[in-house]
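Trainee:
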């Protein structure tokens with residue numbers, strides 16, 4: 009998956025002493041999980057994108073939260089707002105950073121939002 013993520017021109021995974029985070033390369037903003045903060049808060053960030061398969065034969069939908077709550081948030085977003093994403097990305101390659109606020113007791117998403125623009129990837 010690292011090789012697939014590395015093809016994204018707009019969003020980068022970064023790791024430092026605080027853990028994993030997502031960088032919006034257009035704005036330079038680093039998006040971190042609230043769970044890794046001090047004090048911790050019930051918020052996670054996740055990657056969502058349609059990227060080229062490693063073999064070049066089509067695309068894959070990639071989603072990954074910094075923590076599981078972020079992945080749950082992306083799943084919720086896909087289940088509730090897929091028409092908004094489809095309206096912006098259609099069948100093309102894209103990526104976006106998703107933020108999820110979650111219930112600290114159940115870890116279930118209570119709110120999801122796009123933290124970056126939806127970046128459409130043009131063919132090289």
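Numbering (our numbering), first residue to last: 9 to 132.
Beta carbons: idealized from backbone N, C-alpha and C, even for Gly.
Keep in mind it's a predicted model, so treat the numbers as computed, not measured.
1) Using the C-alpha atoms, what's the distance from residue 32 back to residue 108?
2) Comparing C-alpha positions only, which one of 119, 110 and 38 sits nearest to residue 88?
3) In terms of residues, what are the limits of the beta strand (DSSP E) holding residue 108?
4) Going along the chain, which residues of its own chain have a beta-carbon closer than 8 Å to the beta-carbon of residue 53, five neighbours each way excluded?
5) Please report the straight-line C-alpha distance between residue 47 and residue 25, rounded to a whole angstrom.
6) On the three-state DSSP scale, how would you describe residue 90?
7) Exposed or buried, what is residue 18 when buried is set at 16 or more other beta-carbons lying within 10 Å of its beta-carbon?
8) If distances are taken between C-alpha atoms only, which option among 56, 97 and 91 comes closest to residue 81?
Mentor: So, from the listed chains and residues:
1) Within the chain shown, residue 108 is the residue found at index 100, counting from 1. Within the chain shown, residue 32 is the residue found at index 24, counting from 1. Each residue's Cα considered, the two are about 17 Å apart.
2) If you number the chain shown from 1, residue 88 lands on position 80. Nearest of 119, 110 and 38 to residue 88, Cα basis: 119.
3) On the chain shown, residue 108 is found 100 positions in, with the first residue counted as 1. Where residue 108 is concerned, the enclosing beta strand (DSSP E) stretches over 102-110.
4) Counting from 1 along the chain shown, the entry for residue 53 is found at position 45. Here the set comprises 29, 30, 39, 40, 41, 73, 74, 78, 105, 106, 107, 108 and 123.
5) Along the chain shown, read from residue 1 onward, the residue named residue 47 stands at position 39. Along the chain shown, read from residue 1 onward, the residue named residue 25 stands at position 17. Approximately 16 Å between the Cα atoms of the pair.
6) Start at 1 with the first residue of the chain shown, and residue 90 comes out as number 82. Residue 90 falls in the helix class under three-state DSSP.
7) Sequence index remark: in the chain shown, residue 18 carries index 10 (1-based). With 16 or more other Cβ atoms within 10 Å, it is buried.
8) Sequence index remark: in the chain shown, residue 81 carries index 73 (1-based). Considering only alpha carbons, the answer is 56.
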